[in-house]
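Read through the structure below, which is laid out as structure tokens, and then see the notes.
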Amino acid sequence: NWHLKENARNHHTSKFSSKELIVRRGQAFIVTFNGIEEPKQNLTFIAETGPKPSKLAKTQATFGISSTVSKENWSAVVQSTSSSSVSISISSPPNAVIGRYKLSVQSTSSGSSSPASLGTFVLLFNPWSSGDDVFMPNKAECEEYVLEEFGIIFAGNKNHITSFGWNFGQFQGDILNICLSMLDRSLNHRQDPATDVSHRNDPKYLGRVLSAMVNANDDQGVLLGNWSGNYEGGKSPSSWTGSGEILQNWKKSGFRPVRYGQCWVFAAVLTTVLRCLGIPTRTVTNFSSAHDADGNLRVDEFYDASGNHLDRTADSIWNFHVWNESWFSRNDLGPSYSGWQVLDATPQEESGGIYQCGPASRNAIKEGDVDLDYDCPFVFAEVNADCMYWNYDPATGKKTLMFSKSTVIGQFISTKAVGRDDRVDVTNDYKYEEGSKKERDVFKKARKKLGLEDKFDPTAPTPQEIDQKLDISGKFKVDGPLEVGKDLNLILVLANLQSDAKTVHVNMTAWSTVYTRRPVHEIWKDSISVTLSPKEEKQFPIKIPYTEYQQQLTTDNTIQVTALCHVEGGIQVLVQRDITLDNPAIDIQVLGEAKVNEEVDVEVVFTNPIAREVMDCVLQVEGNGLLRGILEIDIPPLKASERSSTKFKLIPFETGPKHLLVNFSCDKFADIKTFKMVNV
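What follows is the structure, encoded as structure tokens:
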């Protein structure tokens with residue numbers, strides 16, 4: 001008798017829906033044997049995992065009955081006995097290898113009889129146990145970062161932060177088995193299975209291996225990335241609402257990469273896998289995130305004379321980027337580097353020859369200790385790089401610096417609050433206050449450690465270029481709602497900073513982009529010439545009608561507007577703004593009280609806000625404990641301004657606060673998302 005209910009309750013594994021025993025390391029579990037004739041002193045247990053169990057590799061343990069629990073090794077202690085049964089408490093060490101074990105028993109008195117197999121159990125990390133590398137003293141944080149199946153992911157841009165719900169679903173049906181097979185499909189496991197399994201006691205090792213396995217690069221991992229704006233042959237990254245469907249699809253297809261992912265999808269799937277295995281993990285969004293491809297802590301952007309953003313370099317500044325933080329100690333670096341560690345499964349740059357990233361200690365990033373394992377320079381640049389904006393002439397190959405900024409990158413770094421659906425800002429955990437002396441000192445320290453201080457960089461701007469004085473300044477102001485379906489109204493504000501008149505020729509463009517700010521389609525362009533009197537400020541209204549941008553918009557609803565100002569006899573000035581348009585709202589109402597195993601009606605209401613018909617409307621609904629799998633409902637076309645009400649029934653099967661996630665799509669609006677908390 002494996003005492004499944006009682007052991008699961010004691011080990012915080014009750015949420016797994018499994019007929020197999022699932023327990024956490026460094027903590028005892030009870031097994032009862034019936035019909036035992038043998039004196040119990042003669043019993044020897046064998047616990048083993050992996051393809052080649054060995055005592056040396058700590059993937060096999062042989063232990064008899066003892067009077068006390070061992071801290072360092074596996075042990076078995078008699079709990080109680082009756083005439084025909086004996087209950088035994090089995091303990092694993094807090095640094096045991098995690099995974100699926102075989103448990104066998106052997107009688108020492110009967111000579112060389114072969115061990116009798118008792119079955120299998122799964123051993124996981126234990127953040128509730130003080131001896132574990134992943135120990136998290138705060139119980140509310142354990143609940144959130146290991147047991148919570150609902151998350152909120154932040155997106156948009158630094159001027160306009162948006163958020164959407166996600167169903168991590170780490171305890172759904174087959175997810176644990178899929179996570180274990182993910183480990184068995186890694187490159188490390190294929191090269192040397194026994195050594196790989198022996199390292200599975202170490203969260204650093206597993207975090208790094210899984211950051212590689214969640215992307216398809218190198219190893220036929222879970223998700224194929226696509227940032228083109230064209231998602232034919234798969235599902236658009238913004239259409240997913242949870243990790244379960246992605247992981248199940250990966251398994252069902254014979255472990256062929258699922259199409260398609262972008263950063264938040266990679267991060268959400270990695271969160272699911274790590275929480276499932278017991279490593280406390282959360283998703284973190286960094287706004288104005290640098291992708292520094294050449295490791296010089298500088299991101300270069302190039303624009304032509306018309307103001308078009310050129311795709312000339314592997315460097316880029318993303319509107320936002322989502323990665324993970326996992327909580328564990330860094331015995332390789334020392335206690336001051338323990339705590340939150342950055343892992344990133346989005347394939348951006350190779351590390352050790354494959355697309356993986358981390359764990360990078362968050363404290364090391366803050367202190368500029370970029371020489372420490374793993375991938376600290378890349379993560380440091382994501383939140384700290386300096387930006388250089390260049391004008392580039394394709395005919396001559398000449399480039400001119402327009403301006404540089406050291407405070408643009410790494411803003412409003414965000415994660416979900418513990419136990420609440422709110423945003424928490426963790427920017428100060430990544431860096432000292434922008435513009436402070438301490439922050440610049442850390443930046444210099446990082447440059448020095450990377451050997452950038454002493455080495456001449458022919459591509460870097462000269463001090464004269466950096467200190468040049470601008471004649472005019474400019475900005476785009478928003479004038480009206482930023483909503484898909486409405487015209488986009490902006491005001492270009494230009495100001496003469498000098499005490500003599502200036503003539504300015506302005507070339508303006510608007511492009512639809514993906515959230516990485518990669519231009520996809522030109523939407524609009526215009527040019528004007530203006531004369532500004534001394535110290536004068538002028539405003540120029542700009543209108544981009546919905547009919548002009550509607551066909552070109554990507555599923556990210558992002559538009560980059562640029563004005564390149566050529567000042568006669570002066571330096572060019574670049575004015576730009578990244579705009580994220582909001583989708584129209586969608587509303588969910590639960591009609592009545594939600595009770596376990598009783599039907600309850602849910603109504604979803606959407607009003608078509610535009611002056612034309614919308615077609616191909618599909619509603620997608622999921623939610624742990626509320627419905628199994630994903631509900632898809634086709635909705636008839638909606639005429640201009642028409643309101644649609646869709647009703648469906650749920651039969652909740654778990655009590656407590658649950659989240660219902662809804663995703664609505666049609667030919668004019670992509671992936672309108674919302675969620676509703678339902679108390680069952």
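Residue 675 in the UniProt record's numbering sits at position 675 of the sequence shown; the count goes up by one each step and never skips. Glycine included, each C-beta is placed from N, C-alpha and C at the ideal position.
Compare the beta carbon distance of residue i and residue j with 8 Å and say whether it is the shorter of the two.
i: ILE178; j: SER163; result: no
i: ASN496; j: LEU532; result: yes
i: ALA510; j: VAL561; result: yes
i: ILE246; j: VAL209; result: no
i: GLY99; j: ARG200; result: yes
i: ASP578; j: ASN319; result: yes
i: VAL370; j: VAL322; result: no
i: TRP74; j: SER92; result: yes
i: SER83; j: PHE33; result: no
i: GLY339; j: GLY244; result: no
i: MET402; j: VAL573; result: yes
i: GLU603; j: SER641; result: no
i: LEU660; j: ILE588; result: yes
i: LYS416; j: GLY35; result: no
i: LYS502; j: ILE472; result: yes
i: VAL23; j: PHE29; result: yes
i: ARG25; j: ASP196; result: no
i: VAL605; j: ARG643; result: yes
i: PRO203; j: PHE125; result: yes
i: GLY261; j: LEU224; result: yes
i: GLY242; j: GLU622; result: yes
i: PHE380; j: LYS158; result: no
Within the same chain, show all residues whose beta-carbon is closer than 7 Å to that of residue i, passing over the 5 residues directly before and after it, in chain order.
i: SER239; result: ASN663, SER665 and ASP671
i: GLY625; result: PRO652, PHE653, GLU654, LYS658 and VAL680
i: ALA385; result: ALA290, ASP292, LEU297, ARG298, VAL299 and ILE409
i: CYS276; result: GLN170, ILE175, LEU176 and CYS179
Under 8 Å by Cβ, that's how I've got residue i and residue j pegged, so tell me the actual separation to the nearest angstrom.
i: TYR303; j: LEU564; result: 6 Å
i: ALA47; j: LEU103; result: 5 Å
i: ALA395; j: CYS376; result: That belief does not hold up - the Cβ atoms of ALA395 and CYS376 are roughly 40 Å apart, past 8 Å.
i: LEU183; j: HIS189; result: 6 Å
i: LEU187; j: ASP219; result: 5 Å
i: VAL105; j: LEU118; result: 6 Å
i: THR59; j: THR49; result: 5 Å
i: VAL530; j: LYS538; result: 6 Å
i: GLU382; j: ASN296; result: Actually they do not touch by this definition, with Cβ atoms about 14 Å apart.
i: PHE648; j: GLY165; result: With 8 Å as the limit, PHE648 and GLY165 do not qualify as a contact, their Cβ atoms being about 18 Å apart.
By the DSSP assignment, the beta strand (DSSP E) with residue i in it spans what residues?
i: PRO463; result: Here PRO463 belongs to no beta strand (DSSP E); instead the alpha helix (DSSP H) covers 463 to 467.
i: THR400; result: 398 to 405
i: ASN489; result: 488 to 496
i: LEU564; result: 558 to 567
i: MET615; result: Counting along the chain, MET615 falls outside any beta strand (DSSP E), and DSSP gives it neither H nor E.
i: GLN530; result: According to the sequence displayed, residue 530 carries Val and not Gln. Run containing VAL530: 519 to 532, per the beta strand (DSSP E) assignment.
i: LYS673; result: 672 to 679
i: PHE121; result: 116 to 124
i: TRP511; result: 502 to 513
Hey, quick one: how far does the alpha helix (DSSP H) through residue i stretch, first residue to last?
i: GLN551; result: It is not in any alpha helix (DSSP H) - GLN551 carries neither H nor E in the DSSP assignment.
i: GLN191; result: 187 to 191
i: GLU593; result: Counting along the chain, GLU593 falls outside any alpha helix (DSSP H), and DSSP gives it neither H nor E.
i: ILE175; result: 175 to 184
i: LYS658; result: Unbroken run through LYS658 is the beta strand (DSSP E), 657 to 665; no alpha helix (DSSP H).
i: ASN10; result: 4 to 10
Does residue i get closer than 8 Å to chain D when you measure Cβ to Cβ?
i: ALA76; result: Absent from the structure: chain D. Only one protein chain is present.
Using a Cβ-Cβ cut-off of 8 Å (strictly less than) and excluding sequence neighbours within five positions of residue i, which residues of its own chain qualify?
i: residue 715; result: Since the displayed the chain opens at 1 and closes at 680, residue 715 lies outside it and no answer follows.
i: PHE669; result: VAL484, GLY485, ASN583, PRO584 and VAL614
i: TRP390; result: ASP300, GLU301, PHE302, TYR303, LYS399, THR400, LEU401 and MET402
Ordered along the chain, which non-local residues of its own chain (more than five positions away) have a Cβ less than 6 Å from that of residue i?
i: ALA314; result: ALA293
i: LEU343; result: GLY207, SER211, ASN324, SER326, GLY358 and PRO359
i: GLU453; result: ARG447
i: HIS505; result: SER529 and HIS566
i: VAL514; result: TRP227, GLY229, THR554 and ASP556
i: HIS3; result: ILE30
i: THR427; result: ILE413
i: GLY234; result: ARG259 and TYR260
Considering only heavy atoms of the ligand FAD, does any lie closer than 7 Å to the CB of residue i?
i: GLN539; result: The ligand FAD is not part of the structure shown, which contains no ligands of any sort.
Quiz item: Which ranges would you report for the beta strand (DSSP E) in the stretch 211 to 251 if only whole runs of at least 3 residues count?
Solution: Entirely contained in the stretch 211 to 251, the beta strand (DSSP E) runs reaching 3 residues are, in chain order, 223 to 225.
Quiz prompt | Length at least 4, wholly inside the stretch 17 to 90: the alpha helix (DSSP H) runs in chain order | solution = Correct list: empty.
Quiz item: In the stretch 136 to 166, which residue ranges form an unbroken alpha helix (DSSP H) of at least 4 residues, counting only runs that do not cross its ends?
Solution: Taken in chain order, the complete alpha helix (DSSP H) segments of 4 residues or longer contained in the stretch 136 to 166 are 139 to 142.
Exercise. Tell me the start and end of each unbroken beta strand (DSSP E) in the stretch 341 to 412 that is at least 3 residues and wholly inside, in chain order.
Key: Listed in chain order, they are 386 to 393 and 398 to 405.
Quiz prompt | Ordered list of alpha helix (DSSP H) runs contained in the stretch 412 to 470, each at least 4 residues | solution = Contiguous alpha helix (DSSP H) elements confined to the stretch 412 to 470 occur at 427 to 430, 437 to 449 and 463 to 467, taking only those with 4 or more residues.
Self-check item: Runs of beta strand (DSSP E) wholly within the UniProt domain "Transglutaminase-like" (255 to 347) (minimum 3 residues, chain order)
Solution: Here the runs fully enclosed are 258 to 261, 281 to 291, 298 to 303, 316 to 328 and 339 to 343.
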